[in-house]
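Here is the structure we will look at.
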Amino acid sequence: MARGSKQDAGRGAPQAAGEGEAAAGEASASQEGGFAQPARVGIRKAYKMFVGGAFVRSESGRYTQVPEHAGVAGENRENVPRASRKDGRDAVKVAHEAWAGWAGRTAQNRGQILYRLGEMLDARRGELSGSLERGGVAAGAAQAEVDATVDRAIAYAGWTDKYQSLFASLNPVAGPHFNFTSPESLGVVVIVAPERPALLGLAGAILPVITAGNTCVVLASTADPRTAITFAEALATSDLPGGVVNILTGSVAEVLPHLARHVEVAALDLHGLEPALRKSVEEDASGSVKRVHARKLSEEGWFDAAATESPRWIERFVELKTIWHPAGQ
Amino acid sequence: MAAHGNGSGNGAGPVPRAEGGARAGGALEGGAMAGGAMARGARSGQYPDFSAPAVDRVMVEERAAALGKRSLKKEAKVAGLKLAISMMDLTTLEGRDSSGKVLQLCQKAMRPHERADVPACAAVCVYPTLVPVAKKALAGSGVKVASVATAFPSGLSPLSVKLADVREAVALGADEIDMVIDRGAMLAGKHGSVFDEIVAVKEACGEAHLKVILETGELGTYDRVRKASQIAMLAGADFIKTSTGKVTPAATPAVTLVMLEAIRDFYYATGKRIGMKPAGGIRTAKQALHYLVLVKETLGDAWLNADLFRFGASTLLNDVLMQLEKERTGAYQGGDYFSKD
Numbered sequence: 001m002a003r004g005s006k007q008d009a010g011r012g013a014p015q016a017a018g019e020g021e022a023a024a025g026e027a028s029a030s031q032e033g034g035f036a037q038p039a040r041v042g043i044r045k046a047y048k049m050f051v052g053g054a055f056v057r058s059e060s061g062r063y064t065q066v067p068e069h070a071g072v073a074g075e076n077r078e079n080v081p082r083a084s085r086k087d088g089r090d091a092v093k094v095a096h097e098a099w100a101g102w103a104g105r106t107a108q109n110r111g112q113i114l115y116r117l118g119e120m121l122d123a124r125r126g127e128l129s130g131s132l133e134r135g136g137v138a139a140g141a142a143q144a145e146v147d148a149t150v151d152r153a154i155a156y157a158g159w160t161d162k163y164q165s166l167f168a169s170l171n172p173v174a175g176p177h178f179n180f181t182s183p184e185s186l187g188v189v190v191i192v193a194p195e196r197p198a199l200l201g202l203a204g205a206i207l208p209v210i211t212a213g214n215t216c217v218v219l220a221s222t223a224d225p226r227t228a229i230t231f232a233e234a235l236a237t238s239d240l241p242g243g244v245v246n247i248l249t250g251s252v253a254e255v256l257p258h259l260a261r262h263v264e265v266a267a268l269d270l271h272g273l274e275p276a277l278r279k280s281v282e283e284d285a286s287g288s289v290k291r292v293h294a295r296k297l298s299e300e301g302w303f304d305a306a307a308t309e310s311p312r313w314i315e316r317f318v319e320l321k322t323i324w325h326p327a328g329q
Numbered sequence: 330m331a332a333h334g335n336g337s338g339n340g341a342g343p344v345p346r347a348e349g350g351a352r353a354g355g356a357l358e359g360g361a362m363a364g365g366a367m368a369r370g371a372r373s374g375q376y377p378d379f380s381a382p383a384v385d386r387v388m389v390e391e392r393a394a395a396l397g398k399r400s401l402k403k404e405a406k407v408a409g410l411k412l413a414i415s416m417m418d419l420t421t422l423e424g425r426d427s428s429g430k431v432l433q434l435c436q437k438a439m440r441p442h443e444r445a446d447v448p449a450c451a452a453v454c455v456y457p458t459l460v461p462v463a464k465k466a467l468a469g470s471g472v473k474v475a476s477v478a479t480a481f482p483s484g485l486s487p488l489s490v491k492l493a494d495v496r497e498a499v500a501l502g503a504d505e506i507d508m509v510i511d512r513g514a515m516l517a518g519k520h521g522s523v524f525d526e527i528v529a530v531k532e533a534c535g536e537a538h539l540k541v542i543l544e545t546g547e548l549g550t551y552d553r554v555r556k557a558s559q560i561a562m563l564a565g566a567d568f569i570k571t572s573t574g575k576v577t578p579a580a581t582p583a584v585t586l587v588m589l590e591a592i593r594d595f596y597y598a599t600g601k602r603i604g605m606k607p608a609g610g611i612r613t614a615k616q617a618l619h620y621l622v623l624v625k626e627t628l629g630d631a632w633l634n635a636d637l638f639r640f641g642a643s644t645l646l647n648d649v650l651m652q653l654e655k656e657r658t659g660a661y662q663g664g665d666y667f668s669k670d
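Here the protein sequences come in this chain order: A and B. Read in our numbering, the first sequence has 236 at position 236, and its numbers run on one by one without any break. When you read off a place in the second sequence, starting at 1, and then add 329, the result is the number in our numbering.
Structure, rendered in structure tokens:
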């Protein structure tokens with residue numbers, strides 16, 4: 001606890017940091033249980049985007065400021081990278097490079113990795129709910145959101161080797177052919193995560209996409225980008241190959257149009273986009289004939305497991321390939 | 330052997346030269362060279378001065394990196410990228426190369442993109458046995474045929490075999506020969522041996538242009554790269570080239586800068602313009618523009634053409650085409666929409 005409060009002090013207003021330094025200068029001020037307890041300087045986390053399995057700043061060097069706690073006014077703010085269109089391009093590049101490897105893994109292995117993601121999220125419950133609270137969510141609601149997020153990861157871990165048999169079919173044809181259909185991944189999917197719920201919405205949008213063997217570039221919630229980065233830290237330790245999920249923070253309206261026009265992006269999954277931007281993005285996407293899924297779920301809607309853990313969510317991000325094979329004679 | 334002999338006369342510059350005629354035999358003991366008999370004895374006096382200034386590693390790396398930070402946009406970028414395409418030696422040097430693959434590469438070199446304003450590449454670079462295929466496919470197009478020779482990529486065959494390799498490639502129709510130097514000899518300090526070998530290969534080339542591959546990744550230091558550049562240019566190279574593409578690191582901006590400076594100083598000393606060809610590891614349009622900036626800043630506009638500067642590359646072309654399309658359409662392009670070699 002002492003450590004936590006010290007960190008909070010460090011994050012506080014500039015004068016608080018100044019006091020911390022002064023205290024550190026006196027060194028080993030207090031004696032407790034025989035051990036010297038030097039005053040510590042607060043450690044502030046540098047929030048970075050997650051691209052290609054690494055945590056990076058924006059190539060542009062720009063940041064946006066997020067209030068330390070929602071509703072707190074004044075100087076007490078934190079810097080979160082503001083992605084540029086080049087960050088978007090770089091992310092698409094690594095996502096495209098990661099696609100073949102990810103889609104080529106066995107369904108069982110993808111399931112194991114997503115299950116481990118569930119484990120990693122579970123181990124970070126406190127950190128995640130703390131981050132949501134700093135973003136303005138009440139304590140109880142934050143914990144419920146983290147629980148639902150862990151459950152969602154486990155649910156999709158289960159789906160990785162099961163959706164194929166639901167979407168595949170053996171098609172009756174009038175001729176000497178064996179005709180069957182099977183699902184395949186699309187490629188790089190660009191996701192715009194909903195503003196709220198910042199964690200469950202993010203995970204709930206990413207999971208069906210990667211379950212199907214796609215890779216993704218995600219534009220995180222602008223209301224609470226810190227939680228998206230903390231979520232990325234769970235991704236980074238869950239054996240997920242680098243580049244399968246790439247999370248950018250910053251302005252959606254700035255980066256999204258370039259990604260929508262990017263020929264290497266196969267589909268867009270847009271959550272809660274304002275109508276004008278959605279329309280222009282759909283027009284941009286038409287140039288390279290992308291699939292565009294746009295929807296706006298209510299906040300409670302994301303907590304509806306029966307709806308959001310449905311294989312229909314996976315079906316949006318698969319291509320159905322039909323094969324005619326000569327048979328009989 | 331006029332090509333390597335004419336430098337000594339007009340040099341008031343910093344490269345002191347010994348008399349040209351006596352240098353020929355050198356380390357090729359009992360060898361193929363006409364001057365071999367008189368080469369024995371005071372060997373040190375028979376070679377030109379190979380000494381080269383020491384290279385400041387930190388400065389050269391800093392300068393090469395700094396020149397990469399220049400921002401080329403819009404029209405300048407498009408012009409630079411088109412220039413880069415016109416300087417490209419489209420290369421395939423794999424054991425699985427077939428005539429089909431070379432034919433495809435030749436088509437791509439002649440017409441890299443469906444748009445008419447994209448220029449053709451400078452040359453196609455292949456192994457000697459595939460030279461006739463390329464020659465036939467490129468006939469009348471102006472795109473040259475380059476062939477690697479001299480037991481590429483290691484260069485570790487007897488000289489007679491290497492020379493036969495060169496003569497064969499020229500006889501098959503190669504316009505340009507890319508030879509490798511004997512890095513073992515270079516590392517052992519047998520500079521005369523390296524020199525003599527290049528002289529012999531140059532003679533075997535006849536009319537064909539000679540590019541000398543230093544394989545800088547195996548030379549170890551910038552000082553050695555600089556010295557090898559000096560030796561190659563004195564021996565009659567038309568181009569000096571960084572790498573085979575089979576060794577990592579291949580071309581880097583810093584090593585290219587060292588070689589460009591060697592070319593510059595050689596030009597000041599002799600008035601001869603030697604070409605430069607970085608090869609290996611140049612995969613993106615951005616890298617290509619970086620190299621063009623290095624050339625422009627070190628040697629000036631006179632070198633910014635396919636006669637004096639080339640890129641040895643295979644995957645670079647598609648990235649440059651994608652960038653050109655991006656500039657034209659405003660949308661980032663995808664690799665699936667450009668033909669694979």
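All C-beta atoms in this analysis are idealised placements derived from N, C-alpha and C, irrespective of residue type, glycine included.
Worksheet item: How is Thr-420 of chain B classed by DSSP in three states: helix, strand or coil?
Response: On the second sequence, residue 420 of chain B is found 91 positions in, with the first residue counted as 1. The answer is strand: DSSP assigns Thr-420 of chain B an E or B state.
Fill in: Beta-carbon proximity list for Met-651 of chain B, same chain, < 6 Å, skipping 5 on both sides
Stepping through the second sequence from its first residue, residue 651 of chain B is reached at position 322. Around Met-651 of chain B: Gln-662.
Worksheet entry | is_contact[Ala-660 of chain B, chain A] using C-beta, thresh 8 Å | Taking the first residue of the second sequence as position 1, residue 660 of chain B is located at position 331. Residue-level contact by beta carbon holds for Ala-660 of chain B and chain A, with a gap shorter than 8 Å.
Discussion item. Just to confirm the assignment, what range does the alpha helix (DSSP H) spanning Leu-396 of chain B have?
Written reply: By 1-based counting over the second sequence, the position of residue 396 of chain B is 67. 386-396 is the extent of the alpha helix (DSSP H) around Leu-396 of chain B.
Item to complete: Identify which residue in B:Lys-669, B:Cys-534, B:Ser-668 and B:Gly-659 has its Cα closest to the Cα of Lys-402 of chain B.
Response: Stepping through the second sequence from its first residue, residue 402 of chain B is reached at position 73. Ranking B:Lys-669, B:Cys-534, B:Ser-668 and B:Gly-659 by Cα distance to Lys-402 of chain B puts B:Gly-659 first.
Worksheet item: On the three-state DSSP scale, how would you describe Ile-154 of chain A?
Response: Position 154 of the first sequence holds residue 154 of chain A. Of the three classes helix, strand and coil, the one that applies to Ile-154 of chain A here is helix, per DSSP.
Worksheet item: By how many angstroms is the C-alpha of Val-263 of chain A removed from the C-alpha of Arg-124 of chain A?
Response: Counting from 1 along the first sequence, the entry for residue 124 of chain A is found at position 124. Counting from 1 along the first sequence, the entry for residue 263 of chain A is found at position 263. Each residue's alpha carbon lies about 37 Å from the other.
Practice prompt. Starting from the Cα of Thr-181 of chain A, find the closest Cα among A:Glu-97, A:Phe-303, A:Gly-126 and A:Leu-166 and give me that residue.
Written response: Residue numbering aside, residue 181 of chain A sits at position 181 when the first sequence is read from its first letter. Comparing alpha-carbon positions, the option among A:Glu-97, A:Phe-303, A:Gly-126 and A:Leu-166 lying closest to Thr-181 of chain A turns out to be A:Leu-166.
Worksheet item: Hey, is Glu-264 of chain A's beta-carbon within less than 8 Å of any beta-carbon in chain B?
Response: As a first step, residue 264 of chain A must be located in the first sequence, where it is residue number 264. Chain B, which has a Cβ nearer than 8 Å to the Cβ of Glu-264 of chain A, makes this yes.
Worksheet entry | Through-space distance from Val-523 of chain B to Ser-58 of chain A, alpha-carbon basis | Along the first sequence, read from residue 1 onward, the residue named residue 58 of chain A stands at position 58. Along the second sequence, read from residue 1 onward, the residue named residue 523 of chain B stands at position 194. In a straight line, the C-alpha of Ser-58 of chain A is about 49 Å away from that of Val-523 of chain B.
Worksheet entry | Close Cβ partners of Phe-317 of chain A (< 7 Å) along its chain, the five nearest in sequence each way excluded | In the first sequence, counting from the first residue as 1, residue 317 of chain A sits at position 317. For Phe-317 of chain A, where only same-chain residues beyond five positions count, the Cβ hits under 7 Å are Leu-186, Val-189, Pro-208, Val-209, Ala-212, Asn-214 and Ala-267.
Worksheet item: Does the Cβ of Glu-300 of chain A have 16 or more other Cβ atoms within 10 Å, making it buried, or fewer, making it exposed?
Response: Mapped onto the first sequence, residue 300 of chain A falls at position 300. Label assigned to Glu-300 of chain A: exposed.
Worksheet entry | 4-residue-minimum alpha helix (DSSP H) runs that sit fully inside the stretch 581-645 of chain B, ordered along the chain | 582-599 and 614-627
Practice prompt. Compare the C-beta of Gly-663 of chain B against all C-beta atoms of chain A and say whether one is closer than 8 Å.
Written response: Walking along the second sequence from the start, residue 663 of chain B turns up at place 334. For Gly-663 of chain B, the answer is yes, since a Cβ of chain A falls inside 8 Å of its Cβ.
Worksheet item: Is the number of C-beta pairs between the stretch 380-400 of chain B and the stretch 562-580 of chain B that are closer than 8 Å three or more?
Response: no
Practice prompt. Assign Gly-678 of chain B to one of two classes, buried (16 or more other C-beta atoms within 10 Å of its C-beta) or exposed (fewer than that).
Written response: This structure leaves residue 678 of chain B out entirely; chain B is present only between 330 and 670.
Worksheet item: Anyone know if the C-beta pair for Ala-557 of chain B and Met-515 of chain B falls short of 8 Å?
Response: Here residue 557 of chain B refers to the residue found at position 228 of the second sequence. Here residue 515 of chain B refers to the residue found at position 186 of the second sequence. The answer is yes: Cβ separation under 8 Å.
Discussion item. Can you tell me whether Gly-664 of chain B is helix, strand or coil according to DSSP?
Written reply: Position 335 of the second sequence, counted from the first residue, corresponds to residue 664 of chain B. Note: Gly-664 of chain B maps to helix in three-state DSSP.
Worksheet item: Can you tell me whether Asp-665 of chain B is buried or exposed, with buried defined as 16 or more other CB within 10 angstroms of its CB?
Response: Walking along the second sequence from the start, residue 665 of chain B turns up at place 336. With fewer than 16 other Cβ atoms within 10 Å, it is exposed.
Discussion item. For a quick check, are the C-beta atoms of Leu-117 of chain A and Ser-238 of chain A less than 8 Å apart?
Written reply: Position 117 of the first sequence, counting from 1, holds the residue named residue 117 of chain A. Position 238 of the first sequence, counting from 1, holds the residue named residue 238 of chain A. It is a contact, given that the beta carbons lie within the stated cut-off.
Worksheet item: Using CA coordinates, which residue listed in A:Val-252, A:Ser-280, A:Val-94 and A:Arg-278 is at the minimum distance from Ala-223 of chain A?
Response: The residue you call residue 223 of chain A lines up with position 223 of the first sequence. When only C-alpha atoms are compared, the closest one is A:Val-252.
Worksheet item: Secondary structure at Ile-674 of chain B, three-state DSSP: helix, strand or coil?
Response: Summary: the structure shown does not reach residue 674 of chain B, with chain B confined to residues 330 through 670, and so no result is reported for it.
Worksheet entry | Same chain, Cβ closer than 8 Å to Phe-640 of chain B, neighbours up to 5 away in sequence not counted | As a working mapping, residue 640 of chain B is identified with position 311 in the second sequence. Sequence-distant Cβ neighbours of Phe-640 of chain B in its own chain, meaning closer than 8 Å and more than five residues away, are Ala-413, Met-416, Met-417, Asp-418, Lys-606, Pro-607, Ala-608, Ile-611, Ala-617 and Tyr-620.
Item to complete: In the DSSP assignment, find the unbroken alpha helix (DSSP H) run with Trp-102 of chain A in it and report its ends.
Response: Along the first sequence, read from residue 1 onward, the residue named residue 102 of chain A stands at position 102. Segment 85-104, the alpha helix (DSSP H) holding Trp-102 of chain A.
Worksheet entry | Per-residue DSSP class, three states only, for Leu-219 of chain A | The sequence position of residue 219 of chain A within the first sequence is 219, counting from 1. Looking at Leu-219 of chain A - three-state DSSP - the assignment turns out to be strand.
Practice prompt. Check the Cβ of Gly-287 of chain A against every Cβ in chain B and list those closer than 9 Å, keeping chain order.
Written response: For the purposes of this step, residue 287 of chain A is taken as residue 287 along the first sequence, with counting starting at 1. Near Gly-287 of chain A (Cβ distances below 9 Å), the residues of chain B are Thr-658 and Ala-660.
Item to complete: Give a yes or no on whether 8 Å exceeds the smallest Cβ distance from Arg-278 of chain A to chain B.
Response: For the purposes of this step, residue 278 of chain A is taken as residue 278 along the first sequence, with counting starting at 1. Output row for Arg-278 of chain A: interface = no.
Item to complete: Starting from the beta carbon of Tyr-666 of chain B, find every residue of chain A whose beta carbon is closer than 8 Å, and list them in chain order.
Response: Position 337 of the second sequence, counting from 1, holds the residue named residue 666 of chain B. Going along chain A in sequence order, the residues near Tyr-666 of chain B (Cβ under 8 Å) are Val-263.
Discussion item. Using the three-state DSSP reduction, which class does Arg-295 of chain A fall into: helix, strand or coil?
Written reply: As a first step, residue 295 of chain A is located in the first sequence; it is residue number 295 there, counting from the start. Of the three classes helix, strand and coil, the one that applies to Arg-295 of chain A here is strand, per DSSP.
Practice prompt. Specify the secondary structure class of Ile-43 of chain A as computed by DSSP and reduced to three states.
Written response: The residue labelled residue 43 of chain A in the question sits at position 43 within the first sequence. The DSSP-derived three-state label of Ile-43 of chain A is coil.
Worksheet entry | Any chain B beta carbon closer than 8 Å to Lys-89 of chain A | Taking the first residue of the first sequence as position 1, residue 89 of chain A is located at position 89. Reading off the sequence, residue 89 of chain A comes out as Arg, not Lys. Taking Cβ atoms only, chain B reaches closer than 8 Å to Arg-89 of chain A, which makes this a yes.
Worksheet entry | Under 8 Å between C-beta atoms of Thr-249 of chain A and Val-80 of chain A | Translated into positions along the first sequence, residue 249 of chain A becomes position 249. Translated into positions along the first sequence, residue 80 of chain A becomes position 80. Result yes, Cβ atoms of Thr-249 of chain A and Val-80 of chain A sit closer than 8 Å.
Worksheet item: So which of B:Arg-657, B:Lys-669 and B:Ser-668 has the shortest CA-CA distance to Val-407 of chain B?
Response: Stepping through the second sequence from its first residue, residue 407 of chain B is reached at position 78. Nearest of B:Arg-657, B:Lys-669 and B:Ser-668 to Val-407 of chain B, Cα basis: B:Arg-657.
Worksheet item: From the beta carbon of Val-649 of chain B, is the nearest beta carbon of chain A less than 8 Å away?
Response: Residue numbering aside, residue 649 of chain B sits at position 320 when the second sequence is read from its first letter. Chain A, which has no Cβ nearer than 8 Å to the Cβ of Val-649 of chain B, makes this no.
Worksheet item: Among A:Leu-259, A:Ile-314, A:Gly-272 and A:Asn-246, which one has its Cα closest to the Cα of Val-56 of chain A?
Response: Translated into positions along the first sequence, residue 56 of chain A becomes position 56. With distances taken between Cα atoms, Val-56 of chain A lies closest to A:Asn-246.
Worksheet item: Is the Cβ of Gly-293 of chain A closer than 8 Å to any Cβ of chain B?
Response: The residue given as residue 293 of chain A occupies position 293 in the first sequence. Note that residue 293 of chain A corresponds to His in the displayed sequence, not to Gly. It does not: the Cβ of His-293 of chain A has no partner Cβ on chain B nearer than 8 Å.
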